[in-house]
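**Student:**
Okay, structure coming up:
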């Protein structure tokens, strides 16, 4: 990854070319929060009551949070500003992003305010997690880091059309560097205990479908059907996770993919004038999610000392999208139609 400082003229050209490409997940992240918070508050409360999330080591302060640190990996669904340091179309550094965030300014989050992992961090009595880019001081890493980057996918090639991003494998490499720095500063034993007690959150895979498979990059659809593609993604993800768990992480959250077929850009591309979700795309996502749930079960069996959770956001988000009145949500048909008519909205 070539991390370059901001070049205003270059980014200005990128920005003007990408006004329609910045917010496909904004609506989705808001909906995800409803299910994610319910799922994790229940899960973490049960874990706290059972005493499973004990704290260890000298890296933990006297506040005694649920976990000593929170490490986040993924794409725009959990990116809290890493892409602000990169030359990319996938940026959230201008209004209306951040209008409801602290200070009412863009924070690099693809949302009007806080994102799901912010609320989860606060619930666990941790500060909102810092971006890995822009956090050089090891003392600021002890509560966790966010390595997520809009545009990233499980495959290194996914999202490359958007410009620079921190690929998933690069995110994991950065975590290894973080762990090494902490070991040098606090000692291997203390770092090991803290890592084992920390929470690791993975929200990845969206761009492998949005910016790779569904674009038929390199003729992938002719080479692999959807089941084969999902299997390949899951095998790749499994290898990374097994390496991490084998290396000492113990508390893992694997977040599934939401109903991409309900996103405005696909409604436009498939001419869904009624607003009905695109079942073909949602079927691809469901195939992957079923595989991810099975992978979670397999990992639990292989690593019984670890706590591994699969978070099914698809079901909850789909129900909210298709039955908004049941959740006291207003359907803004006119505004959505305007967004769809702008065309070519893509996520990261």
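Residue numbers (our numbering): 2 to 349. Note that CB positions come from ideal geometry on N, CA and C, so glycine has one too.
#1: Following the continuous alpha helix (DSSP H) through residue 267, name the residue where it begins and the one where it ends.
#2: When DSSP labels each residue in this structure, what does residue 68 get in the three-state scheme?
#3: For residue 162, which residues of its own chain have a beta-carbon under 7 Å away from its beta-carbon, when the five flanking residues on both sides are left out?
#4: In chain order, what residues of the same chain have a beta carbon less than 6 Å from the beta carbon of residue 204, not counting five sequence neighbours either side?
#5: When you compare each of 319, 167, 117 to residue 134 by their alpha carbons, which one comes out closest?
#6: So residue 130 and residue 139 are in contact, right, with Cβ under 8 Å, and what is the actual spacing, rounded?
#7: What residue ranges within the region 108 to 159 form continuous alpha helix (DSSP H) runs of no fewer than 4 residues, ordered along the chain?
#8: Taking C-beta to C-beta, are residue 263 and residue 322 nearer than 9 Å?
#9: To the nearest angstrom, report how far apart residue 276 and residue 282 are at their CA atoms.
#10: Quick one: using the 10 Å Cβ neighbour count with 16 as the cut-off for buried, is residue 224 buried or exposed?
#11: For residue 336, which residues from the same chain have a beta carbon less than 8 Å from its beta carbon, with the 5 sequence-adjacent residues on both sides left out?
#12: Decide if residue 328 is buried, meaning its Cβ has at least 16 other Cβ atoms within 10 Å, or exposed.
#13: Nearest CA to the CA of residue 291: which residue from 324, 179, 234?
#14: Hey, how far is the Cα of residue 271 from the Cα of residue 170?
#15: Going by C-alpha to C-alpha distance, which of 208, 216, 304, 184 sits closest to residue 242?
#16: For a test of the three-state rule: what should DSSP assign to residue 210, helix, strand or coil?
#17: Under a Cβ-count criterion, where at least 16 other Cβ atoms within 10 Å of its own Cβ denotes burial, should residue 259 be classed as buried or exposed?
#18: If distances are taken between C-alpha atoms only, which option among 279, 220, 326 comes closest to residue 265?
#19: Residue 252 lies in the beta strand (DSSP E); which residues open and close that run?
#20: Between which two residues does the beta strand (DSSP E) carrying residue 204 extend?
#21: Is it the case that the Cβ atoms of residue 69 and residue 149 are separated by a distance below 9 Å?
#22: DSSP three-state call for residue 246: helix, strand or coil?
#23: Which residues mark the beginning and the end of the beta strand (DSSP E) in which residue 308 is found?
#24: Anyone know if the C-beta pair for residue 295 and residue 202 falls short of 9 Å?
#25: Could you tell me which whole alpha helix (DSSP H) segments of length 4 or greater appear in the region 169 to 196?
#26: I need the straight-line Cα distance from residue 188 to residue 147, nearest angstrom please.
#27: Exposed or buried, residue 106, counting other C-beta atoms within 10 Å across all chains shown (16 or more means buried)?
#28: With a cut-off of 8 Å on the beta carbons, I'd call residue 83 and residue 132 a contact; round off their distance for me.
#29: Go through its chain and collect everything with a Cβ distance to residue 100's Cβ below 6 Å, but skip five positions before and after it.
#30: Can you round the beta-carbon distance between residue 152 and residue 197 to whole angstroms, since I take them to be within the 8 Å contact cut?
#31: Per DSSP, what kind of secondary structure is residue 298 in: helix, strand or coil?
#32: Quick one: what's got a C-beta closer than 7 Å to residue 293's C-beta in the same chain, skipping five residues either side?
#33: Going by C-alpha distance, which of 326, 156, 253 is nearest residue 221?
#34: Based on the DSSP secondary-structure assignment, which residues constitute the bridge partners of residue 81?
#35: Among the residues of its own chain, which have a CB less than 7 Å from the CB of residue 136, if the five just before and after it don't count?
**Tutor:** Straight from the coordinates:
#1: 265 to 270
#2: Three-state result, residue 68: coil.
#3: 212
#4: 75, 78, 79, 256
#5: For the options 319, 167, 117, the alpha carbon positioned closest to that of residue 134 is the one of 167.
#6: No, residue 130 and residue 139 are not in contact; Cβ-Cβ is about 15 Å, not under 8 Å.
#7: 117 to 124
#8: yes
#9: Rounded to the nearest angstrom, the two C-alpha atoms are 14 Å apart.
#10: exposed
#11: Unreliable positioning characterises residue 336 in this predicted model, as indicated by a pLDDT of 45, which lies under 50. The coordinate reading is nonetheless provided below. Taken in chain order, the list of residues that qualify is empty.
#12: exposed
#13: 234
#14: 33 Å
#15: 304
#16: helix
#17: buried
#18: 279
#19: 252 to 256
#20: 200 to 204
#21: No, these two residues do not count as a Cβ contact at 9 Å.
#22: helix
#23: 308 to 312
#24: no
#25: 169 to 187
#26: Their Cα atoms are separated by approximately 22 Å.
#27: With fewer than 16 other Cβ atoms inside 10 Å of its own Cβ, residue 106 counts as exposed.
#28: 5 Å
#29: 113
#30: Residue 197 and residue 152 do not touch by the CB rule: their CB atoms are close to 31 Å apart, not below 8 Å.
#31: helix
#32: Closer than 7 Å at the Cβ level, and outside the excluded window around residue 293, lie 235, 255, 257, 311.
#33: 156
#34: DSSP lists 110 as partners of residue 81.
#35: 142, 146
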